[in-house]
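Asker: Can you keep this structure in mind? I'll have questions shortly.
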Amino acid sequence: FFQAEDGIRDYKVTGVQTCALPIFKNLWSVLSGTPPMYRTTADHIAKYREQITRTQHYVSDWVKQVAMDAMTNHRFLTADRAVQETEFSSGRGVVVNFGEKDFTLPGGQVVKARDYVRFEMNNDQRRYKSAARGNVFAN
């Protein structure tokens, strides 16, 4: 298929380069607030146009909101590191679930398996919103 320009990292060990798994590439882009990057050919673009377009919406709709923000906090929400949270200087943040099972946050918000929810701070309370579209690679 296609791979990320900078490789992809295993969600369990930060900074370790592993194979380019597109499902995790999308989630890493969301978690770090960076747009997806591709090294591909014209043939691949034509063949995978729908997936690339869906990835752009799934990732870039969120990234546009935090692209100029500083990342102010990152933490693991589960012992296996499958669920992670990043906060940005604008008061926006994201919770990403790399795992195979849904995860419920305190307060009842569900983060579906291999998906994310974003949040904004409002009067010291988080307002959660689900990802606009499902991860193109999560089936």
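The numbering used here applies: residue 77 is where the sequence shown begins, and numbers increase by one.
Note that CB positions come from ideal geometry on N, CA and C, so glycine has one too.
Expressed to the nearest angstrom, what Euclidean distance is found between the alpha-carbon atoms of H150 and D156?
Answerer: 15 Å
Asker: Quick check on DSSP: helix, strand or coil for F100?
Answerer: helix
Asker: Identify whether A137 lies in helix, strand or coil by the three-state DSSP scheme.
Answerer: Rather than Ala, the amino acid found at residue 137 in this sequence is Asp. The answer is helix: DSSP assigns D137 an H, G or I state.
Asker: Measuring only the C-alpha atoms, how far is L103 from E196?
Answerer: 19 Å
Asker: Say whether the stretch 184–192 touches the stretch 154–174, bearing in mind that this needs 3 or more beta-carbon pairs closer than 8 Å, one atom from each stretch.
Answerer: yes
Asker: Note down, in chain order, each residue of its chain lying with its Cβ closer than 6 Å to the Cβ of K205, except the 5 sequence neighbours on either side.
Answerer: R194
Asker: Can you tell me where the beta strand (DSSP E) holding R190 begins and where it ends?
Answerer: Counting along the chain, R190 falls outside any beta strand (DSSP E), and DSSP gives it neither H nor E.
Asker: Using a threshold of 7 Å, state whether the C-beta atoms of S105 and V142 are closer than that.
Answerer: no
Asker: Out of R125, G109, F100, which one is the CA nearest neighbour of F164?
Answerer: G109
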